[in-house]
Amino acid sequence: GEDVEQSLFLSVREGDSSVINCTYTDSSSTYLYWYKQEPGAGLQLLTYIFSNMDMKQDQRLTVLLNKKDKHLSLRIADTQTGDSAIYFCAEKDDKIIFGKGTRLHILP
Amino acid sequence: DTGVSQDPRHKITKRGQNVTFRCDPISEHNRLYWYRQTLGQGPEFLTYFQNEAQLEKSRLLSDRFSAERPKGSFSTLEIQRTEQGDSAMYLCASSSESWNQPQHFGDGTRLSIL
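Structure (structure tokens):
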């Protein structure tokens, strides 16, 4: 069945780069997404990548897609305290399937 | 752009009571989705509408759950005879019909069953 896996926690020092990894199972996924969720809030769309691309860059965010290995990553450059949140990887074919989220903790 | 809005933000009720949540999507979006999110999990799909038609329902949507979107704009999600296991965040999202457009989420309604 469809499944999206992510590591649950990541700690990074302020100013360093954060890399959040995700694997998915559905090879027919057309889009892959990264959403950010802050405490008590809904999901904010950060970026998404079409399945025929292998990289997308948007300011401090870089998404890498390895379709052969079904691996997606999100790199946040120059991580700031405001980046502290839960990051969800999601795949979409006809509907969106979310991972359990990676909690990003920023160390001073 | 007013975004997706949900009401109420929080609902506390006793087990066995009925509750109803409302979602107002982004005005030009004709697709509307409901998700449930429990602690430590990602959102799980419940159902979605295209305009007023409910096109898909998840196995998670038991008979106690009903969703409507009568005029193709706002939607309601009702849970009858609430149970402890219904405690969760209920998220609404909307998107345009174009297949390559992402879903935009509201801030959710947090339901707590006493």
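Chains as they are written, first to last, in the numbering used here: chain A, 1 to 108; chain B, 109 to 222. Virtual Cβ for every residue (Gly too), placed ideally from N, Cα, C.
Test: residue i CB closer than 8 Å to a CB of chain B
{"i": "A:TYR24", "result": "no"}
{"i": "A:ALA41", "result": "yes"}
{"i": "A:PHE98", "result": "yes"}
{"i": "A:LYS131", "result": "This structure gives no information on residue 131 of chain A, because the portion of chain A shown stretches from 1 to 108."}
{"i": "A:GLY101", "result": "yes"}
Integer Cβ distance of residue i from residue j, believed to fall under 8 Å
{"i": "B:ALA196", "j": "B:LEU219", "result": "6 Å"}
{"i": "B:GLY216", "j": "B:LEU199", "result": "5 Å"}
{"i": "B:TYR127", "j": "B:LYS119", "result": "Reading off the sequence, residue 127 of chain B comes out as Val, not Tyr. Between B:LYS119 and B:VAL127 the Cβ distance is about 6 Å, and since that is below 8 Å, they are a contact."}
{"i": "B:SER166", "j": "B:LEU154", "result": "5 Å"}
{"i": "A:LEU72", "j": "A:SER18", "result": "Their Cβ separation, rounded to whole angstroms, is 14 Å, which puts A:LEU72 and A:SER18 out of contact at 8 Å."}
Any C-beta of chain A under 8 Å from that of residue i
{"i": "B:LEU199", "result": "yes"}
{"i": "B:ASP132", "result": "no"}
{"i": "B:PHE153", "result": "yes"}
{"i": "B:GLY193", "result": "no"}
{"i": "B:ASP215", "result": "yes"}
Simplified DSSP assignment, three categories, for residue i
{"i": "A:ASP93", "result": "coil"}
{"i": "A:THR81", "result": "helix"}
{"i": "B:ASP215", "result": "coil"}
{"i": "B:GLN114", "result": "strand"}
{"i": "A:ASP16", "result": "coil"}
{"i": "B:ASP194", "result": "helix"}
{"i": "B:LEU168", "result": "coil"}
{"i": "B:ILE120", "result": "strand"}
{"i": "A:GLN37", "result": "strand"}
{"i": "B:LYS179", "result": "coil"}
{"i": "B:GLU205", "result": "coil"}
{"i": "A:ILE49", "result": "strand"}
{"i": "A:GLN44", "result": "strand"}
{"i": "A:THR23", "result": "strand"}
{"i": "B:SER220", "result": "strand"}
{"i": "B:GLY149", "result": "Sequence inspection shows Gln at residue 149 of chain B; the Gly mentioned does not correspond to that position. Correct three-state label for B:GLN149: coil."}
Chain B residues whose Cβ lies nearer than 7 Å to that of residue i
{"i": "A:PHE88", "result": "GLY150"}
Cross-chain neighbours of residue i in chain A, by beta carbon under 7 Å
{"i": "B:HIS212", "result": "LEU45"}
DSSP beta-bridge partners of residue i
{"i": "B:ALA161", "result": "B:GLN158"}
{"i": "A:LYS56", "result": "A:VAL63"}
{"i": "B:ILE187", "result": "B:VAL127 and B:PHE173"}
{"i": "A:SER73", "result": "A:ASN21 and A:LEU64"}
{"i": "A:SER11", "result": "A:HIS105"}
{"i": "A:ILE86", "result": "A:GLN37 and A:ARG103"}
{"i": "A:GLU5", "result": "A:THR23"}
Min CB distance residue i to chain E below 8 Å
{"i": "A:ASN52", "result": "Although the question refers to chain E, the structure presented lacks it and instead comprises the protein chains A and B."}
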